[in-house]
Amino acid sequence: LESLETLDIRGAKSVILLPVSFGKLGKLVRLLAGRLGKLLAGSVELPDGVALENMKSLQELVGICPTLHALTEIGKLRGLKVLGLVIEENPESGNLDTLIPTCLQICPSLLQVLVLSVPFPYSLDFLAQVPSSLQTFICNGIFRAFPRWINSSLSCLTVLSIVLYGVCVQHEHLDKLAQLRSLRFLRLHTMYPPDEQEMLVIHSSASAFPCLTNLRIWCWNGLMFLKFQHGAMRKLERLCLSFNPREPNKHFGTNNFDYGLQNLPSLRHVVIELDAECPEAQDAIRKTINDHPNRPSLDFTI
Numbered sequence: 019l020e021s022l023e024t025l026d027i028r029g030a031k032s033v034i035l036l037p038v039s040f041g042k043l044g045k046l047v048r049l050l051a052g053r054l055g056k057l058l059a060g061s062v063e064l065p066d067g068v069a070l071e072n073m074k075s076l077q078e079l080v081g082i083c084p085t086l087h088a089l090t091e092i093g094k095l096r097g098l099k100v101l102g103l104v105i106e107e108n109p110e111s112g113n114l115d116t117l118i119p120t121c122l123q124i125c126p127s128l129l130q131v132l133v134l135s136v137p138f139p140y141s142l143d144f145l146a147q148v149p150s151s152l153q154t155f156i157c158n159g160i161f162r163a164f165p166r167w168i169n170s171s172l173s174c175l176t177v178l179s180i181v182l183y184g185v186c187v188q189h190e191h192l193d194k195l196a197q198l199r200s201l202r203f204l205r206l207h208t209m210y211p212p213d214e215q216e217m218l219v220i221h222s223s224a225s226a227f228p229c230l231t232n233l234r235i236w237c238w239n240g241l242m243f244l245k246f247q248h249g250a251m252r253k254l255e256r257l258c259l260s261f262n263p264r265e266p267n268k269h270f271g272t273n274n275f276d277y278g279l280q281n282l283p284s285l286r287h288v289v290i291e292l293d294a295e296c297p298e299a300q301d302a303i304r305k306t307i308n309d310h311p312n313r314p315s316l317d318f319t320i
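The numbering of the sequence shown is my numbering, which starts it at 19 and goes up by one.
Here it is as structure tokens:
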């Protein structure tokens with residue numbers, strides 16, 4: 019197996035402990051034990067005696083249990099481009115709060131994809147920064163505050179998926195997202211925003227969301243708090259919304275179902291998932307889409 023370049027063990031139902039001899043696969047390019055973009059089902063654990071520093075061809079590690087030894091060795095991989103970590107259970111010691119940031123700090127500047135799969139309600143607020151070279155960040159762990167590392171310095175980031183828990187989303191947060199000039203795909207899960215959550219308008223600006231084509235907003239408690247101004251997100255083609263149509267009216271004291279979908283000039287596909295039946299909302303949204311000059315496709319799920 020000395021010439022092996024890909025080791026694909028995806029689909030395992032339990033954690034696999036790799037042998038110490040794994041470190042001798044000097045030509046291995048990728049180890050795949052999970053699927054990027056989804057919860058990484060199945061994972062592998064590196065034994066304490068294994069060394070990775072001689073695996074100079076290794077570029078992808080997906081489905082790794084982040085033990086102290088594993089993260090120490092991962093930090094030695096100068097050519098690593100893709101990293102997927104799986105935290106199987108909420109750690110009792112809390113040392114991952116320092117281990118994961120340390121690992122990311124010493125990871126090479128080549129790191130392009132970072133996927134973190136963690137159990138609910140494990141918080142990732144300890145992440146103070148991520149590699150500036152990142153092109154994809156996908157995480158199902160919750161953030162109890164808007165991540166400070168989301169800013170214009172992530173000039174290569176094209177895919178971002180995060181979960182906000184109990185966060186009062188503000189205009190300044192939208193501005194941070196809008197400054198990600200390479201962002202093409204944004205998935206934002208909001209869970210239980212506080213009572214002071216305000217309706218936020220995404221304004222028209224040539225410099226805001228310049229490349230975004232796919233936006234997915236999942237409001238787990240039903241409150242849709244975004245509205246699009248005329249000309250906003252000029253390149254957005256696909257929009258997916260999941261919310262309770264009655265919650266915005268109840269929370270904001272309004273009596274309409276206008277979210278400004280007619281103001282998205284490049285819209286082609288719309289998917290709406292409603293948490294509750296509301297014929298008035300369906301009719302209003304359907305009319306808005308039918309009146310859109312692009313005649314976007316519309317899919318409803320209840």
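Note that beta-carbon positions come from the ideal geometry of N, C-alpha and C, so glycine has one too.
Where does residue i fall in DSSP's three states?
i	result
Asn267	helix
Asp301	helix
Asn273	coil
Ser111	Low local confidence applies: a pLDDT of 44 at Ser111 is under 50, so the model's placement there is unreliable, with the coordinate-based value given in what follows. It is coil, neither helix nor strand.
Thr116	helix
Thr306	helix
Cys237	strand
Cys258	strand
Asn281	helix
Gln122	Strictly speaking, residue 122 in this sequence is Leu, with Gln absent from that position. Reduced to three states, the DSSP call for Leu122 is helix.
Glu291	strand
Leu218	strand
Leu134	strand
Asn312	coil
Ser141	strand
Nearest to residue i by CA position, among the options, is which residue?
i	options	result
Gly29	Arg252, Gly81, Asp115	Gly81
Trp238	Ser75, Val47, Pro211, Gln147	Pro211
Val47	His287, Cys174, Phe144, Asn72	Asn72
Val177	Glu20, Lys45, Arg234	Arg234
Leu128	Cys121, Leu142, Arg304, Gly97	Gly97
Phe161	Glu255, Leu206, Leu122, Glu298	Leu206
Ser173	Ser141, Pro228, Asn158	Pro228
Ala146	Leu152, Trp167, Asn158	Trp167
Tyr282	Thr85, Ile220, Gln188	A small fix is needed here, since residue 282 is Leu in this sequence, not Tyr. Closest option to Leu282, Cα to Cα, is Ile220.
Val326	Val136, Gln77, Leu132, Glu265	Examination of residue 326 is not possible in this model, given that the chain is present from 19 through 320 alone.
Leu175	Ala302, Gly41, Val148	Val148
Thr120	Leu134, Leu101, Thr90, Leu132	Thr90
Phe243	Val133, Val185, Ile92, Glu295	Val185
Gln247	Tyr277, Gly240, Leu192, Ile180	Tyr277
Lys42	Ala51, Ala69, Ile118, Ile27	Ala69
Leu279	Thr231, Ile303, Glu298	Ile303
So, is residue i buried or exposed, given that buried needs 16 or more other C-beta atoms within 10 angstroms?
i	result
Lys31	exposed
Ala163	exposed
Lys99	buried
Asn158	buried
Phe144	exposed
Val38	exposed
Ser170	exposed
His189	exposed
Ser315	exposed
Glu23	exposed
Gln77	buried
Pro139	exposed
Thr319	exposed
Ser225	exposed
Leu49	buried
Note the first and the last residue of the continuous beta strand (DSSP E) segment covering residue i.
i	result
Lys245	244 to 246
Arg286	It is not in any beta strand (DSSP E) - Arg286 carries neither H nor E in the DSSP assignment.
Thr319	315 to 319
Thr24	24 to 26
| message | My parser needs the alpha helix (DSSP H) runs of 4 or more residues fully inside the stretch 29 to 103; what are they? | response | 86 to 92
- [ ] Within the stretch 155 to 216, note down every full beta strand (DSSP E) run reaching 3 residues or more, in order along the chain.
- [x] For the beta strand (DSSP E) assignment, the uninterrupted runs of no fewer than 3 residues enclosed by the stretch 155 to 216 are, from N- to C-terminal side, 177 to 183, 203 to 209.
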